[in-house]
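*Asks:* From first to last, the protein sequence lines are chains A and B. Numbering of the first sequence is given in the UniProt record's numbering, commencing with residue 1 and proceeding in unit increments. Numbering of the second sequence is given in the UniProt record's numbering, commencing with residue 1 and proceeding in unit increments. By construction, the Cβ of each residue, glycine as well, lies at the ideal position given by its N, Cα and C atoms.
2 protein chains.
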Amino acid sequence: MSNFGTYIRQARETHRAKDASFSVRQLAARVGIEPSYLSKIERSEQPPPSQQTIERLAEALGEDADVLLALAGKVSDELQEIIRRRPKLFGELIRQLKDAPDHAVLRVVREVRDGEW
Amino acid sequence: MSNFGTYIRQARETHRAKDASFSVRQLAARVGIEPSYLSKIERSEQPPPSQQTIERLAEALGEDADVLLALAGKVSDELQEIIRRRPKLFGELIRQLKDAPDHAVLRVVREVRDGEW
DNA sequence: TGTAGTGTGTAGTATATACTACACACATGA
DNA sequence: TCATGTGTGTAGTATATACTACACACTACA
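What follows is the structure, given as structure tokens:
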């Protein structure tokens, strides 16, 4: 289903080519989980871990947490909380942008960033 | 924590004033859950039910599903899926709009709706 | 040859999620 | 008075989530 495991293994091994401390064991230790658990996750024998663990993995691997969470089939609680505060507004916005091409969404992002409210 | 239960009870009793079929038992039957379960949810003795059940409640009560889900501390899988497809883009957008006033977000919604991509 | 490190296999556990089934006490109307 | 409907109390269950603990086989190096 998701390539989460493969992606993590890939990222870890890329780091490892330059830095031997990116072994399953040592990365797991840094992230705060059991090595066998990480190993199983990388081989998709276990589903992706919790949001917290994914965020620590992202940090340790220099990856974008939102992207890793997406691969894991999740959306960060931070983003969810923003939506939950104004569910109608954000619901409408997001559905509206569902099929908009990237550049159109980006334009909106920039407009809002630079824009006068 | 959340007023989900109170909100549901309120909505149900409002309907009930006009339509006797909005009893706990009958609504529960329509929604496909046990009456005692609905009763407990309304009194916050149980946490809010699953997304599916919330959506059926919304339908039966004529309420906005996104709003009920938000009260339940959830975000619909449909919206999450849209975000997951382009996590960086939507992540940035949503964070950008976190503190924007409603009218600014609405303006964006309208722009996108009417806009030429 | 032994010790340190590698990845992985086996066998669990704790907690949360999302409910069901059934019984009870009370009210209302026929 | 009794059948019907009301809300609710008690006592469970099935499944998913998110892991841990420990052992094993293999490699490399000193």
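1. Given that residue 70 of chain A touches chain B, what residues does it touch there, using C-beta distances under 7 Å?
2. Quick one, which of A:49, A:40 and A:57 has its alpha-carbon nearest residue 22 of chain A's?
3. Following the continuous alpha helix (DSSP H) through residue 114 of chain B, name the residue where it begins and the one where it ends.
4. On the three-state DSSP scale, how would you describe residue 88 of chain A?
5. Output yes if chain B places a C-beta closer than 8 Å to the C-beta of residue 40 of chain A; else output no.
6. Starting from the beta carbon of residue 91 of chain A, find every residue of chain B whose beta carbon is closer than 7 Å, and list them in chain order.
7. Verify whether the separation of the beta carbon atoms of residue 43 of chain A and residue 5 of chain A is less than 8 Å.
8. Is it true that the CB of residue 93 of chain A sits closer than 8 Å to the CB of residue 109 of chain B?
9. What is the DSSP secondary structure of residue 46 of chain B, counted as helix, strand or coil?
10. When the Cα atoms are used, what is the spatial distance from residue 112 of chain A to residue 89 of chain B?
11. The alpha helix (DSSP H) with residue 5 of chain B in it runs from where to where?
12. Report back the beta-carbon spacing between residue 49 of chain B and residue 41 of chain B to the nearest angstrom; my notes put them in contact at under 8 Å.
13. With DSSP collapsed to three states, give me the class of residue 75 of chain A.
14. Leaving out five residues before and five after residue 74 of chain B in sequence, what residues of the same chain have Cβ atoms less than 8 Å from its Cβ?
15. Tell me where the alpha helix (DSSP H) around residue 57 of chain B begins and ends.
16. For residue 7 of chain A, which residues in the same chain have their Cβ closer than 6 Å to its Cβ, ignoring the five residues on either side in sequence?
17. Which first and last residues belong to the alpha helix (DSSP H) in which residue 27 of chain B is found?
18. Going by Cα to Cα distance, which pick from A:17, A:37 and A:14 is closest to residue 25 of chain A?
19. Give the straight-line distance between the Cα atoms of residue 33 of chain A and residue 10 of chain A, rounded to the nearest whole angstrom.
20. In chain A, which residues lie with their C-beta within 8 Å of the C-beta of residue 29 of chain B?
21. Considering only the beta carbon of each residue, do residue 97 of chain B and residue 91 of chain A sit closer than 8 Å?
*Replies:* Considering the structure as presented:
1. Per Cβ cutoff of 7 Å: 84 and 87.
2. A:57
3. 102 to 114
4. Looking at residue 88 of chain A - three-state DSSP - the assignment turns out to be helix.
5. no
6. 66 and 79
7. Closer than 8 Å, so yes.
8. yes
9. Note: residue 46 of chain B maps to coil in three-state DSSP.
10. 13 Å
11. 4 to 18
12. 6 Å
13. coil
14. 48, 51 and 54
15. 51 to 61
16. Cβ within range, chain order: 71.
17. Counting along the chain, the alpha helix (DSSP H) containing residue 27 of chain B begins and ends at 24 to 31.
18. A:37
19. The alpha-carbon atoms of residue 33 of chain A and residue 10 of chain A are separated by roughly 19 Å.
20. Residues of chain A passing the Cβ test: none, with the nearest at roughly 27 Å.
21. no
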